[in-house]
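Residue numbers (the working numbering): 24 to 349. Quick reminder that beta carbons are idealized off the backbone N, C-alpha and C, glycines included. It should be emphasised that the depicted structure is a prediction, and the values quoted were computed from it without experimental measurement. A quick write-up on the structure given underneath.
What follows is the structure in C-alpha cells.
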C-alpha cells in the first residue's frame, strides 16, 4: 500500500462567474476596450442633443397662442387652433403647399438623377488626370454661398446681364429670365443643379471605384457594348446607394431651399414663389403668427418622418437594405 507524502490538489471548480456575473464581466471588458471611442464620440453626441433634440421642445408653441414677450410658460394654450387655420384652407398656405410639392417633384425628377449621370460620364473617362481635374472644377460651386450663386445668375441672366447685353447688341430684343414668375421654378432648379451636382458625384464615384473590373472584362468578352455594361454591371452596383439617398431625400421632401428662395422673392408675386419654408418665416418672424408657423413646421417634420419610414418599408419589400432594419 502506497501513501502520498503530499495531498493531491483538487481541480479548480470555481471557473468564471456565471449568469449576471459573467454578463457584467463582459460589459466591463467591452467598456475598457471602447473607452477611447466613447470619449471620442461624446462631444459630437452632446452637440447633436443640444442643437437637434432639445429644440424639439419648442414645438410646444404650435399648441399655444405664443407671445414672445410673455414666454412659453405663460402663453395661453390654444389646443389645435393653429392647425385648424391650416386645414381650413388658408389661401396663402395652400399656395405655399402647392409650390413646394411642384418644386419637390421637379427636384426628384431632374436634380436627383443629375449626380448619377455625371458620375457615370466621369467614370467613363480613361485618363485619371483629366477625370480628377474635371472633378475639382465641378466641386467648386458647392462652396459658394447662395448669395454668390444668385448674384452670378443675376449677372448672367438678369435684365442687365450678359445674355441681354448680347441680344441687344445684335438687335434681338430682350429675354427676361430673372424676375419672371413664369420661369421662377426653372431658375431655382438650374441653380441647384449648377451648385450641387458636382459635389453629389462624390458618393457615386466612390461606389463605382469598388466595382470589380473583372465584371466589365467578362461582359466585354461576352460581346456586351458599353451601354450593356452600364446597364448590367454599373447600375446594379449603384442601386443600393441610390435607394438609400432617395429615402433620405424624401425626409426633406417639403424643404426646397429657404435661403435661395428668400433672396429672389423680392418684387415677385408670392402666390408663385412662396413655399412652406418661406411661409413659416413670413408668418412667424414677419407677421408674428408664431403658433401657426410652428404648426406648419411640425406638420412638415411629421410628413418627412412618415415618408422616410414608408419608403424604407417599401425598400425592404423590394429586397433592398434601405436606411435601417428594425
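Excluding the 5 residues flanking it on each side, residue 199 has same chain C-beta neighbours closer than 7 Å at 182, in chain order. If the five residues before and after residue 320 are omitted, its C-beta is found closer than 6 Å to the C-beta atoms of 303, all from its own chain and listed in chain order. In the DSSP annotation of this structure, the continuous segment of the alpha helix (DSSP H) that includes residue 335 starts and ends at 313-340. In this structure, the CA atom of residue 219 is about 21 Å from the CA atom of residue 298.
By the Cβ neighbour-count rule, residue 323 is buried, with 16 or more other Cβ atoms within 10 Å of its own. Excluding the 5 residues flanking it on each side, residue 89 has same chain C-beta neighbours closer than 8 Å at 95, 98, 313, 314, 317, in chain order.
In this structure, the straight-line span from the alpha carbon of residue 330 to that of residue 271 is close to 9 Å. By the neighbour-count definition (other C-beta atoms within 10 Å, threshold 16), residue 159 is an exposed residue.
At a cut-off of 4 residues, the continuous stretches assigned as alpha helix (DSSP H) that sit fully inside the region 142-170 are 151-162.
When DSSP states are grouped into helix, strand and coil, residue 99 belongs to the strand group. Cβ neighbours of residue 338 within its own chain (closer than 7 Å, five residues either side excluded): 266, 270, 345. Taking 8 Å as the cut-off, the Cβ atoms of residue 228 and residue 142 count as close.
Per DSSP, the beta bridge partners of residue 87 are 100.
Rounded to whole angstroms, the gap between the alpha carbons of residue 256 and residue 294 is 46 Å.
Residue 258 places its beta carbon 8 Å or farther from that of residue 146. Here the alpha carbon of residue 126 sits roughly 45 Å from the alpha carbon of residue 57. The beta carbons of residue 212 and residue 326 sit no closer together than 8 Å. Annotation: residue 200 is outside any alpha helix (DSSP H) and is labelled neither H nor E by DSSP. In terms of Cβ geometry, residue 186 and residue 195 do not form a close pair [threshold 8 Å]. Annotation for residue 240: the continuous alpha helix (DSSP H) segment containing it runs 236-244.
For the pair residue 261 and residue 277, the Cα-to-Cα distance works out to about 26 Å.
Boundaries of the alpha helix (DSSP H) around residue 300: 299-304. With 16 or more other CB atoms across the displayed protein chains lying within 10 angstroms of its CB, residue 116 is buried. Between residue 162 and residue 221 a beta carbon distance of about 5 Å is seen, short of the 8 Å cut, so the two are scored as contacting. Excluding the 5 residues flanking it on each side, residue 290 has same chain C-beta neighbours closer than 8 Å at 202, in chain order. For residue 283, the uninterrupted alpha helix (DSSP H) segment begins and ends at 281-285.
Contact between residue 214 and residue 172 holds, with the beta-carbon distance rounding to 6 Å and staying under 8 Å.
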